[in-house]
Structures are given as structure tokens and as C-alpha cells.
Amino acid sequence: MKNEKYPVVFCVGTPKVCGDSLGPKVGDRLKKTYDVPAYVYGTTDSPVTGLNFRSYLEHVRVFHPHSMVIAVDACLGNKEEVGKIKYSLKGLKAGTALKKELGRVGDVAFLGVVGESGKDNFRALSGADCGSVEEMAEKIAAKIFFFCSILRLDYTL
199 MKNEKYPVVF
209 CVGTPKVCGD
219 SLGPKVGDRL
229 KKTYDVPAYV
239 YGTTDSPVTG
249 LNFRSYLEHV
259 RVFHPHSMVI
269 AVDACLGNKE
279 EVGKIKYSLK
289 GLKAGTALKK
299 ELGRVGDVAF
309 LGVVGESGKD
319 NFRALSGADC
329 GSVEEMAEKI
339 AAKIFFFCSI
349 LRLDYTL
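See below:
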């Protein structure tokens, strides 16, 4: 297990596209509602997008080399998966829905399935149910807060 006192939460996405806004919405909640004991990157005011992903990733590697990294992103899946939250113990590969090779991030990841994968994935992200995205953002933020609080307790014992 990595040993820095606080984990990093790396929330990927843009607030400009409803389906892709999951990451920034989680980041907002973690910073404003939960005041999570973690370094949070990616909010509505300062999103981690395809344009700045690599620079944020490098920043995390330089300034938090021993921190556990929890990644958050929206994803597309099959029809039955829409609205579900997936977990990964391998982090996530950002940008795959739009055929972008941004790189892998995270020791663990939370992925919210916001739409159905198909021929026009940008349309699927744009047409996502914003209410469902909000609900998933709240659930993911609560789970991350709980997880970070447990990690924090472990360091203080």
C-alpha cells in the first residue's frame, strides 16, 4: 500500500458536456460538501480534460509520488449498464469513449456508466440523463469520502 498521508482523487471530465461532467461533479462535492481528507484534482471550476490531462498527471506524479490515486470518470457501456457505477482495481484509461489515448491513471477507479456505447459516442455523452449523472456523482463522492476517512483513521491509529 502506498504510504502518503492523503490520497489523491483524480476526477476526469468537462462540465461542458452533461455525460462527461461526472468527474468534475464528484470533485465539487468532495471539496465543497464533504471536505474530504484528500488532494482533489478536477472540479467544475478547474476540470481535468483531454487538453490538460497529461500535465495534471505529471503534477500528481511529482508532488504526490507515494499517494494512492483514486480516479473518477464517466464511461459508456451497454444498455443494461447505464446508470450503474463500476469499480476497477487497475485505475482507468481516460479518453477511450472518444478514441483518445490520454493514458492510464489511478490505483483504483470509479466509473459511472452515463450512456450507451455506439457509433456516435459524443452524442451519447451529450445526451446523457443529467439527473442520473448527478445521482451517480453523489453516490461516488459519498463512497470516496467514506474510503478516505477510513484511510485517514488508519494513519492516526
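Just so we're aligned, residue 199 is where the sequence shown starts under this note's numbering, counting upward by one. Every residue gets a Cβ at the ideal spot worked out from N, C-alpha and C, and that includes glycine. Computed from a predicted structure; not experimentally measured.
Just verifying my parser: in three-state terms, what is the DSSP assignment at residue i?
| i | result |
| --- | --- |
| ILE342 | helix |
| ASP226 | helix |
| TYR204 | coil |
| ALA335 | helix |
| TYR232 | coil |
| LEU220 | helix |
| LYS214 | coil |
| GLU279 | helix |
| LEU349 | helix |
Quick one, which of the options has its alpha-carbon nearest residue i's?
| i | options | result |
| --- | --- | --- |
| LYS203 | CYS209, GLY275 and VAL267 | VAL267 |
| LYS282 | GLU314, ASP243, PRO245 and ALA236 | GLU314 |
| VAL280 | SER347, GLY329 and LEU228 | GLY329 |
| VAL312 | THR242, HIS264, PHE208 and VAL270 | VAL270 |
| GLY221 | SER265, ALA335, PRO263 and LEU349 | ALA335 |
| GLY304 | PHE344, ARG321, SER286 and GLY316 | SER286 |
Starting from residue i, trace the alpha helix (DSSP H) in both directions and tell me its first and last residue.
| i | result |
| --- | --- |
| GLU256 | 251-261 |
| ALA322 | 319-324 |
With a cut-off of 8 Å on the beta carbons, I'd call residue i and residue j a contact; round off their distance for me.
| i | j | result |
| --- | --- | --- |
| LEU274 | ASN319 | 6 Å |
| VAL260 | VAL206 | Actually they are not in contact, since the Cβ atoms of VAL260 and VAL206 sit about 12 Å apart, beyond 8 Å. |
| GLY217 | LEU255 | So it is not a contact: roughly 22 Å between Cβ atoms. |
State the start and end residues of the unbroken beta strand (DSSP E) segment that holds residue i.
| i | result |
| --- | --- |
| SER286 | 283-286 |
| VAL306 | 306-314 |
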